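First the structure, in the form of structure tokens, and then the observations on it.
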Amino acid sequence: MNRVISISNHKGGVGKTTSVVNIGAGLAIQGRKVLLIDLDPQANLTISFGIPESENSIFNTFTKGKELEPVNIKENIDVIPASSDLAAVEIKLSLETNQNNNISGLIDPLRSKYDYIIIDCPPSLGLLTLNAFAASDEVIIPIQPHFLAVKGLAKIIEVVNKIKSTINRKVEISGVFVTMFDKRRILHKDVLDTIIMYFDDRVFKTKVRSNIALAEAPVLGKDIFEYDQSSNGAFDYGRIVLEVIDMEAEFGN
Ligand SMILES: Nc1ncnc2c1ncn2[C@@H]1O[C@H](COP(=O)(O)OP(=O)(O)OP(=O)(O)O)[C@@H](O)[C@H]1O
Ligand SMILES: [Mg+2]
Numbered sequence: 002m003n004r005v006i007s008i009s010n011h012k013g014g015v016g017k018t019t020s021v022v023n024i025g026a027g028l029a030i031q032g033r034k035v036l037l038i039d040l041d042p043q044a045n046l047t048i049s050f051g052i053p054e055s056e057n058s059i060f061n062t063f064t065k066g067k068e069l070e071p072v073n074i075k076e077n078i079d080v081i082p083a084s085s086d087l088a089a090v091e092i093k094l095s096l097e098t099n100q101n102n103n104i105s106g107l108i109d110p111l112r113s114k115y116d117y118i119i120i121d122c123p124p125s126l127g128l129l130t131l132n133a134f135a136a137s138d139e140v141i142i143p144i145q146p147h148f149l150a151v152k153g154l155a156k157i158i159e160v161v162n163k164i165k166s167t168i169n170r171k172v173e174i175s176g177v178f179v180t181m182f183d184k185r186r187i188l189h190k191d192v193l194d195t196i197i198m199y200f201d202d203r204v205f206k207t208k209v210r211s212n213i214a215l216a217e218a219p220v221l222g223k224d225i226f227e228y229d230q231s232s233n234g235a236f237d238y239g240r241i242v243l244e245v246i247d248m249e250a251e252f253g254n
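Quick note, the sequence shown lines up with residues 2 to 254 if you use our numbering.
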């Protein structure tokens, strides 16, 4: 079984990187072998794991025509770090089906080594994100429950469909979940209804609540399960992970 999943939302600061780190960590705890790829020139995922900018970044690999060399972080988790130079990759990228010329060509040889390959996308729908979708089986979208966040959803759906109808027939939005949820806020409930209207049964049952521990953990280079097992963040991401695992029968290759 393997799955290649992009975690994407072109809106910034919605919890993409936090979700990649903690879903990855939770899957590893559940015995899955996981590769996390930092495809964001901000390199927040790389920084969260305390990895220095290195020769192994996806930029170097791409520009020098080398194979990706994952860095082992902990049991069952490898990472492909980013560096700020990743922005330059965007210039070199092409969306051709030529496998030597895009990110799918780099990722495909690694598929058999992992149960999950999860890509942390930048907050845009530029070429890096398009390439991530072209290389992925699934796109999972974290959404912060704001009115404006919902407005952007039509665009990401359109882009995934465009990739699906051109270079990657397989890719689909397999799930959507709410992050930084605060049940005391009425607006959040309204937004949740709208999200369910768009995505129906692809909306995760679990909502990730606002929880300060989720913001504190990466400062110490830790995932939420290492940082505070008893936090709401650990509870919520633990549940999200179980929902991701439940999808294996339908989405696993
Ligand atoms: N559930 C949560 N509760 C509280 N804070 C959170 C939660 N999820 C994420 N954060 C914090 O919110 C900020 C933005 O999160 P994160 O970096 O994961 O978003 P992002 O979508 O990856 O951002 P970008 O678009 O810049 O890549 C971070 O400081 C993070 O620690
Ligand atoms: Mg991020």
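Every residue, glycine too, gets a C-beta built ideally from N, C-alpha and C. None of these values were measured; they are calculated from a predicted model.
* **Cβ-Cβ separation, residue 128 to residue 11 (assumed contact under 8 angstroms), whole Å** => By one-based count along the sequence shown, residue 11 stands at place 10. By one-based count along the sequence shown, residue 128 stands at place 127. The pair is not a contact, with the Cβ atoms about 13 angstroms apart (cut-off 8 angstroms).
* In DSSP terms, what residue 176 is bridged to -> Here the question's residue 176 lines up with position 175 in the sequence shown. Residue 176 is bridged to 141.
* **Alpha carbon of residue 69 to alpha carbon of residue 132, nearest angstrom** => Translated into the one-based positions of the sequence shown, residue 69 becomes position 68. Translated into the one-based positions of the sequence shown, residue 132 becomes position 131. Distance between the alpha carbons of residue 69 and residue 132 is about 16 angstroms.
* How about residue 133: is its Cβ closer than 7 angstroms to a heavy atom in ligand 1? -> For this step, residue 133 is matched to residue 132 along the sequence shown. Result no, Cβ not under 7 angstroms from ligand 1.
* State the DSSP-derived secondary structure class of residue 210, mapped to helix, strand or coil. => Taking the sequence shown and counting its residues from 1, one reaches residue 210 at position 209. If DSSP states are grouped into helix, strand and coil, residue 210 belongs with the strands.
* Asked: Run through DSSP, which three-state label would residue 132 get?
  -> Against the sequence shown, residue 132 aligns to sequence position 131. DSSP places residue 132 in helix when its eight states are reduced to three.
* Taking residue 2 as the reference, which of 145, 25, 172, 115 has the closest Cα? -> Stepping through the sequence shown from its first residue, residue 2 is reached at position 1. Per the Cα distances, 115.
* Measure the alpha-carbon distance for residue 253 versus residue 160 and round it to whole angstroms. => The count along the sequence shown starts at 1 and reaches residue 253 at position 252. The count along the sequence shown starts at 1 and reaches residue 160 at position 159. Each residue's Cα considered, the two are about 23 angstroms apart.
* To do: Return yes when at least one heavy atom of ligand 1 lies under 7 angstroms from the C-beta of residue 240, else no.
  => In the sequence shown, counting from the first residue as 1, residue 240 sits at position 239. No, Cβ of residue 240 sits at least 7 angstroms from all heavy atoms of ligand 1.
* Asked: What are the boundary residues of the beta strand (DSSP E) that includes residue 119?
  -> Residue numbering aside, residue 119 sits at position 118 when the sequence shown is read from its first letter. Counting along the chain, the beta strand (DSSP E) containing residue 119 begins and ends at 117–121.
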